[in-house]
Amino acid sequence: MAWQRWLVLTVVFVLMPGGMGHAAADKRVRIATLFDYPPYGFYKEDRAPRYAEVVVPPGSDAVGFQGYSWDILRESFHAQGYTIELVVTHWARAMASVKEGRVDLLYPTGMNTERLAYFSYSRSPINDAAFRVYINPETEIDWQGLSSLDGMTIGMVRGYNFGDAWAVQEGISKYPLDSIEQGFRMLERQRLDGFAGYETNWDYVLKEMGLQDRFEKLPEFGSSKEYVVGLRDNPTTEQLLRDFDTGFDLIRESGEYRRITERWR
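Heads up: the sequence shown is residues 1 to 265, going by full-length UniProt numbering.
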């Protein structure tokens, strides 16, 4: 019968690739981030698996995972109707995931000359980072910029960006670390001369460790806004970043951005 043929064709169209039902269900973005980056992204009550994947449809949240930057990213993409496939891991794996095409985007990511060669950046920053070196109070340094650290061993978390000036500084012995907490423990035990970090994040961890008054900070030696990024040669990157920026503008207009900022102040 004619109506039966019409029904079969309609069902086939909706279920086939490119059909309306498939398109609506497929507005997804797969994004990698860090599990240990408070207050921008971290697990509640220190329950932090080193790798997790979670699907977050519009109107929902990731159970146990929280943070200022996560709230901004989630609400921006949800405002555009995206379901987020969130991959939460450590920095090296997150970076490898986006470079190898296993995720579409990565956040939060600072900007430097090296990364600009292969990453496209969102127009809207998702947070910022001020670069400081933490030292023991008894350490005497006549601060004249990064060259004042020549000959010293300064800890840094693997893969973190401290700007071009830091990258070309060859007189510093840069000691790779796996976590912020590890760096402060080593500094406390005098196994490092200093520990380079992002002031907001590092201060948050110090407070959680009960060490907020234990160390001193050298003057800021740089800063960077951090963004959502994707590979330049990934054909979906530019559209996804435009959609994030549009969603970001929408949550600013709606007042959600202000509510998030006040929540994490």
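Backbone N, C-alpha and C fix where the C-beta goes; we use that ideal spot for every residue, glycine too.
**Item:** Through-space distance from tryptophan 166 to tyrosine 118, alpha-carbon basis
**Value:** 20 Å
**Asked** Looking only at DSSP bridge pairs, what is residue 283 linked to?
**Response** In the structure as shown, the chain starts at 1 and stops at 265, and residue 283 therefore has no counterpart that could be examined.
**Asked** Using DSSP with H/G/I as helix, E/B as strand and the rest coil, what is valine 98?
**Response** helix
**Item:** Selection from Phe184, Leu241, Asn201 and Val205 that minimises the alpha carbon distance to phenylalanine 195
**Value:** Phe184
**Message:** Quick check: what's the CA-CA separation for leucine 192 versus serine 60?
**Reply:** 43 Å
**Asked** So does the segment 105-119 actually touch the segment 219-236, counting three or more Cβ pairs closer than 8 Å?
**Response** yes
**Prompt:** Taking the C-alpha atoms as reference points, what is the distance between alanine 129 and proline 176?
**Reply:** 19 Å
**Request:** Output the distance between the C-alpha atoms of isoleucine 251 and leucine 73, rounded to the nearest integer angstrom.
**Result:** 10 Å
**Prompt:** So which of Gln169, Phe35 and Tyr43 has the shortest CA-CA distance to glycine 151?
**Reply:** Gln169
**Request:** Report the residue from Arg102, Gln239, Arg132 and Arg123 whose alpha carbon sits nearest the alpha carbon of tryptophan 202.
**Result:** Arg132
**Item:** Proximity to glutamine 190 [Cα-Cα], best of Leu146, Glu53, Ile135 and Asp249
**Value:** Ile135
**Request:** Taking only the alpha-carbon atoms, compute the straight-line gap between glycine 155 and glutamate 208 and give it to the nearest angstrom.
**Result:** 20 Å
**Asked** For arginine 263, which residues from the same chain have a beta carbon less than 6 Å from its beta carbon, with the 5 sequence-adjacent residues on both sides left out?
**Response** none
**Item:** For threonine 83, three-class secondary structure by DSSP
**Value:** strand
**Message:** With a threshold of 8 Å, are at least 3 pairs of Cβ atoms found where one atom belongs to the segment 40-56 and the other to the segment 89-104?
**Reply:** yes
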